[in-house]
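In full-length UniProt numbering, the protein residues as written are 1 to 285. Glycine is no exception: its CB is placed at the ideal position from the N, C-alpha and C atoms. Just so you know, these numbers come straight off a predicted model, no measurement behind them.
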Amino acid sequence: MSNPNIILYHANWSFCSQMVRVALLEKGFSFDKHHIRLCDQYPEGENIDKDYLAINPLGTVPAIQIDGNTICGSEEIIYQLDKIDSNSAYSLYPDNVNEDEIRKWASDTTITDGVEFASTLGTIMPVFSSPLLQYMIKQLPFRSIMKILLRHPRKDRKMIFIAMYFGNPSKKIPFMGVNNYVDEIIKLENLFSDGRDFFYDTFSHVDINLMCVFNRLIDLGLEQTLSYKTPFINEYWENLKSRNSYRDGILNYYTDKEKMLLSEYYKKNDSSVLKAILEQFDKKI
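Below, the structure written as structure tokens:
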């Protein structure tokens, strides 16, 4: 077994940071970590500071340094981690499955730049999350918005922050993902109807991503969509929640800040998106 020097740059509540933390735990790697206060949640906006942009010029998390080599983006990070010898007895890329197929599913279940808006399960998550994102942005002081305008490396992100800070564009955005979301969940339900425990024969990169997708649905008040008419997905989700990596890589990173934020958001949020999703299930199942 090799013992690489691993430094993780992450955010507690970041969707893709959760994926990498779970992967590190599943593979049995020890690692140092630096929490980055993201500009959509914290006035400090450390992800657009000069020091962090030197690590990841896009200003996103997670980023990781393995023996001094920097890798950005959860999909590539997990792929590279799995190539390193570890305490784990299994690979997150099972030998009996075509690697390209696993990478395609891993891409479809995370946030991938360049992929059509709300076209995959992974890219639907930020669509469903847009009201929560807007709620967080509106809590920021104006000086933080100015910092984003001046320092954020991506023009599209600047425009999103401005629109959400001064307007209310997120009201209709989640509904754009409803139909595709239901189709994707039905596809997974059919897959798991054969009684399998994991996406493939053993726990894989795809299971990590789905763990984080399903957990984010809890944050958004949409967990009912995993059990409404999908008993096999519900059983699979219960199986994922029983893993130590779910507790240690995801749940243990919810601080009082995240818990309070979600509590306040629930008070202001309505259930119209949930209702729309359940109505689509009624039509399709």
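Considering residue i, what are the terminal residues of the alpha helix (DSSP H) in which it resides?
i, result
"Tyr9", "Taken as a continuous stretch (DSSP letters only), Tyr9 belongs to no alpha helix (DSSP H), being part of the beta strand (DSSP E) at 6–10."
"Tyr181", "178–192"
"Tyr236", "231–241"
"residue 291", "Outside the modelled stretch of the chain, which goes from 1 to 285, sits residue 291, for which no answer is possible."
"Leu53", "50–55"
Less than 8 angstroms between the C-beta atoms of residue i and residue j, yes or no?
i, j, result
"Phe128", "Val20", "no"
"Gly114", "Val213", "no"
"Leu217", "Thr230", "no"
"Leu38", "Val22", "no"
"His205", "Ile55", "no"
"Ile148", "Lys155", "no"
"Leu58", "Pro126", "no"
"Ile277", "Leu222", "yes"
"Pro131", "Asp201", "no"
"Ser144", "Gly45", "yes"
"Ala106", "Asn209", "yes"
"Asp219", "Leu262", "yes"
"Leu140", "Pro43", "yes"
"Gln41", "Gly249", "no"
I'd like the span of the beta strand (DSSP E) that includes residue i, first residue to last.
i, result
"Phe41", "Sequence check: residue 41 is Gln here, not Phe. First-last for Gln41: undefined, no H or E at that position."
"Lys33", "32–35"
"Gln65", "63–66"
"Ile71", "69–72"
Look up residue i in the DSSP assignment and say whether it is helix, strand or coil.
i, result
"Lys83", "coil"
"Ile137", "helix"
"Ala89", "coil"
"Asp256", "helix"
"Thr123", "helix"
"Thr110", "coil"
"His96", "The sequence shown places Asn at residue 96, rather than the His named in the question. It is coil, neither helix nor strand."
"Asn168", "coil"
"Pro153", "coil"
"Glu223", "helix"
"Asn3", "coil"
"Gly249", "helix"
"Ala163", "helix"
"Leu25", "helix"
Can you round the beta-carbon distance between residue i and residue j to whole angstroms, since I take them to be within the 8 angstroms contact cut?
i, j, result
"Ile48", "Tyr9", "Actually they do not touch by this definition, with Cβ atoms about 13 angstroms apart."
"Tyr253", "Asn12", "4 angstroms"
"Lys284", "Ile186", "6 angstroms"
"Thr112", "Glu75", "7 angstroms"
"Ser242", "Leu25", "About 14 angstroms separates the two Cβ atoms, so there is no contact after all."
"Ile6", "His34", "Actually they do not touch by this definition, with Cβ atoms about 12 angstroms apart."
"Tyr90", "Phe15", "Actually they are not in contact, since the Cβ atoms of Tyr90 and Phe15 sit about 24 angstroms apart, beyond 8 angstroms."
The stretch 67–81 in contact with the stretch 170–181 per 3-pair CB rule at 8 angstroms = no
Check whether the stretch 188–207 touches the stretch 220–235, counting contact only when three or more Cβ pairs, one atom from each stretch, lie closer than 8 angstroms.
-> yes
Are the stretch 79–97 and the stretch 26–35 touching by the rule of at least three beta carbon pairs closer than 8 angstroms?
-> yes
Does the pairing of the stretch 133–147 with the stretch 164–177 give three or more beta-carbon distances under 8 angstroms?
-> yes
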